[in-house]
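Accompanying notes for the structure given below.
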Amino acid sequence: MSWLYRRLVRPVLFTQDAEKIHRRTLRALSRASHSEFVSGMVQNVFGAPPLPIKTLGLDFPNPVGLAAGMDKYAEAVPAWAALGFGFTELGAVTWLAQPGNPEPRLFRAIPDLAIINRMGFNNPGAAAFAEALSHWRQIGRWPNHPVGINLGKSKATPLAQAAEDYANSFKLLLPLLDFFVVNVSSPNTPNLRQLQDKGALDEILAALQAVQSTSGLPAKPVLVKVAPDLSFEALDEILELAGPRRLAGLIATNTTLARPETREDRLRQIYLEAGGLSGAPLRSRSTEVVRHLYRRSEGKLPIIGVGGIFNAADAWEKITAGASLIQIYTSLVYEGPGVVKAIVRGLWERLEERGLRDLSEAVGSDSR
Ligand SMILES: Cc1cc2nc3c(=O)[nH]c(=O)nc-3n(C[C@H](O)[C@H](O)[C@H](O)COP(=O)(O)O)c2cc1C
156 MSWLYRRLVR PVLFTQDAEK IHRRTLRALS RASHSEFVSG MVQNVFGAPP
206 LPIKTLGLDF PNPVGLAAGM DKYAEAVPAW AALGFGFTEL GAVTWLAQPG
256 NPEPRLFRAI PDLAIINRMG FNNPGAAAFA EALSHWRQIG RWPNHPVGIN
306 LGKSKATPLA QAAEDYANSF KLLLPLLDFF VVNVSSPNTP NLRQLQDKGA
356 LDEILAALQA VQSTSGLPAK PVLVKVAPDL SFEALDEILE LAGPRRLAGL
406 IATNTTLARP ETREDRLRQI YLEAGGLSGA PLRSRSTEVV RHLYRRSEGK
456 LPIIGVGGIF NAADAWEKIT AGASLIQIYT SLVYEGPGVV KAIVRGLWER
506 LEERGLRDLS EAVGSDSR
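Offset between the sequence shown (1-based) and my numbering: plus 155.
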């Protein structure tokens, strides 16, 4: 299936503007999502075998999730489960609706299997997002896997008021979703990454804790997503907040500001574009970050590993480095919709080869 996509479908798709194709694909998935019949057919072709794992207090049918940034408008919420994903992270959403950066803002670096994006949190705002979520519930199409949200800061909100901005979105969306991700690691909102500093992040997490405790709802998992460009010392400072602020886990990593070496002129031009780089060149650094976080937290804090996962070998690398779950974005673009099933099957095989009964036995096995 991946071969067909790579040989026949991808060359046609890649003749067109990256963002235009993204929008068309999401529209098609949105239409498919409205039909139980079509969704069922998609699931028959692309659905993944069960590989259950329990973490974050939730039950995941398999460990492969959709990374943030793909479905920023909650356009195709049921489609991701039909495509085999074990969980979905929607968003990023911000409190205020915003258009994001001017286009073009999405670039393919094809020979390196990478993408550069400077989308800048284009999204409908938390209120409209909540309505979009309610729509899927009302028509009975809510997926039966965990669905979470990536929370960003509105561009118009000054850094000093960031905590309130995150807390507003959190409060509105708390009843509607299973887990929440504080995104302070996107490179595309000016100065956002400064919120990874311990003091600023502590203020945001404290504001979310206050919302949780006055909501009257059972506590929901809150995670922080970190940048691959942070030093290990800075990561350790974030880890120090995990206990006091009851963090459920960390997501490692977001896109990088770094660029790979290249001799190709066309690639060099693309790498001059401002934005975050994702895909194959990010893989090893994000695995290093997962490994560091796993070791430092002595395997006690669940980690979602993301960055450059294209196949089961890449997923296994993240899991054995310490990730309890993994996510993909760029490989869906390059490998097509069969990628989730291929990864889950490959993980199954690896477990069987090693005589492991449960995926959780593999988590961190290469980092102890
Ligand atoms: C176009 C695009 C938009 C993204 N938007 C977000 C976002 O809104 N919030 C976020 O935390 N990460 C965002 N990401 C980062 C991904 O969630 C992921 O962390 C990163 O792409 C690395 O994974 P990958 O190599 O599998 O793509 C985005 C990535 C891309 C390519």
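Think of the CB as a built atom: it goes at the ideal place given N, C-alpha and C, for glycine as much as any other residue.
* Identify every run of the alpha helix (DSSP H) within the segment 156-233, keeping only runs that are complete inside it and at least 4 residues long; order them along the chain. => The segment 156-233 contains these whole alpha helix (DSSP H) runs: 165-168, 173-189, 191-201.
* So which of G303, F215, F325 has the shortest CA-CA distance to S309? -> Out of G303, F215, F325, the CA that lies nearest to the CA of S309 is found in F325.
* Asked: Along the chain, which unbroken stretches of the beta strand (DSSP E) at least 3 residues long are found entirely within the segment 440-476?
  -> Counting whole runs of 3 or more residues, the segment 440-476 contains the beta strand (DSSP E) stretches 458-461.
* Tell me the DSSP bridge mates of V379? -> For V379, the pairing in a beta bridge is given by DSSP as V337, L405.
* Taking F387 as part of the alpha helix (DSSP H), name the residues at either end of that continuous run. => 387-397 is the extent of the alpha helix (DSSP H) around F387.
* To do: Put F554 into one of helix, strand or coil per three-state DSSP.
  => It is not possible to answer for residue 554, since the shown part of the chain is limited to 156 through 523.
* To do: May I have the straight-line CA-CA distance separating K353 from R500, to the nearest angstrom?
  => Cα to Cα, K353 sits roughly 39 Å from R500.
* Asked: Mind pulling the alpha helix (DSSP H) runs of 4 or more residues that sit fully within the segment 275-321?
  -> As far as the segment 275-321 is concerned, its whole alpha helix (DSSP H) runs of at least 4 residues are 281-293.
* Would you check if the segment 442-458 and the segment 412-428 touch, i.e. whether three or more CB-CB distances between them fall below 8 Å? => The answer is no - the segment 442-458 does not touch the segment 412-428, with fewer than three Cβ pairs under 8 Å.
* Asked: At what residues does the alpha helix (DSSP H) containing S370 begin and finish?
  -> In the DSSP assignment, S370 falls within the unbroken alpha helix (DSSP H) covering 353-370.
* If we call anything under 8 Å between Cβ atoms a contact, is P207 one with F215? -> The Cβ-Cβ distance between P207 and F215 falls below 8 Å.
* Asked: Between the beta-carbon of P404 and the beta-carbon of P376, is there less than 8 Å?
  -> Residue identity check: residue 404 is Gly in the sequence provided, not Pro. Closer than 8 Å, so yes.
* Would you mind reading off the limits of the alpha helix (DSSP H) that contains E490? => Run containing E490: 485-490, per the alpha helix (DSSP H) assignment.
* Reduced DSSP secondary structure (H/G/I, E/B, other) of A413 -> A413 falls in the coil class under three-state DSSP.
* Where S190 falls, given that 16 or more other Cβ within 10 Å makes a residue buried -> Label assigned to S190: exposed.
* Would you say the beta carbon of Y484 comes nearer than 7 Å to a heavy atom of ligand 1? -> Yes, since a heavy atom of ligand 1 falls inside the 7 Å radius drawn around the Cβ of Y484.
* Asked: Any idea which residues DSSP pairs F262 with across the strands?
  -> Answer is I271.
* Is L356 closer than 8 Å to V379 when the C-beta atoms are compared? -> Contact check for V379 against L356 passes: the beta carbons are separated by less than 8 Å.
* Asked: Looking at C-alpha atoms only, which residue of L506, Y489, I459 is the closest neighbour of L268?
  -> Nearest to L268 by alpha-carbon distance, out of L506, Y489, I459, is Y489.
* **Between the CA atoms of G434 and A283 - distance to the nearest angstrom** => One C-alpha to the other measures close to 30 Å.
* Asked: Which residues mark the beginning and the end of the beta strand (DSSP E) in which A247 is found?
  -> Element bounds for A247: 242-248.
* So, T485 versus I265, is the Cβ gap smaller than 8 Å? -> No, they are not a contact pair.
* To do: Compare the Cα-Cα distances from A558 to each of G241, W297, R438, N299 and report the closest residue.
  => Here the chain comprises residues numbered 156 to 523, so residue 558 is not present and cannot be evaluated.
* Asked: Quick one: is the Cβ of K308 within less than 7 Å of any heavy atom of ligand 1?
  -> For ligand 1, not one heavy atom lies less than 7 Å from the Cβ of K308.
* Asked: Can you tell which of G519, W235, A322, S522 has the C-alpha that lies nearest to the C-alpha of A183?
  -> Taking A183 as reference, the option from G519, W235, A322, S522 with the minimal CA-CA separation is W235.
* For D226, count neighbouring Cβ atoms within 10 angstroms of its own Cβ and tell me buried if that reaches 16, exposed if not. => By the neighbour-count rule (16 or more Cβ atoms within 10 Å), D226 is buried.
* In the DSSP assignment, find the unbroken beta strand (DSSP E) run with L432 in it and report its ends. => Per DSSP, L432 is one residue of the beta strand (DSSP E) stretching across 431-434.
* Asked: Any heavy atom of ligand 1 within a distance shorter than 7 Å of the CB on K227?
  -> Yes.
* What do you reckon, is the C-beta of S433 under 7 Å from a heavy atom of ligand 1? -> In this structure, the C-beta of S433 approaches ligand 1 to less than 7 Å from one of its heavy atoms.
* Pick out whichever of I498, A407, W158, G491 has its Cα sitting closest to the Cα of L456. => Minimum Cα distance to L456 is reached at A407.
* Asked: Straight-line CA distance for A287 to S194?
  -> For the pair A287 and S194, the Cα-to-Cα distance works out to about 18 Å.
* **Within 8 Å, strictly: CB atoms of A173 and L261** => At the C-beta level, A173 and L261 come within 8 Å of one another.
* L480 - DSSP class collapsed to helix/strand/coil -> If DSSP states are grouped into helix, strand and coil, L480 belongs with the strands.
* Can you find a heavy atom of ligand 1 that lies under 7 Å from the Cβ of L150? -> Absent from the model: residue 150. The displayed extent of the chain is 156 to 523, so no value can be given.
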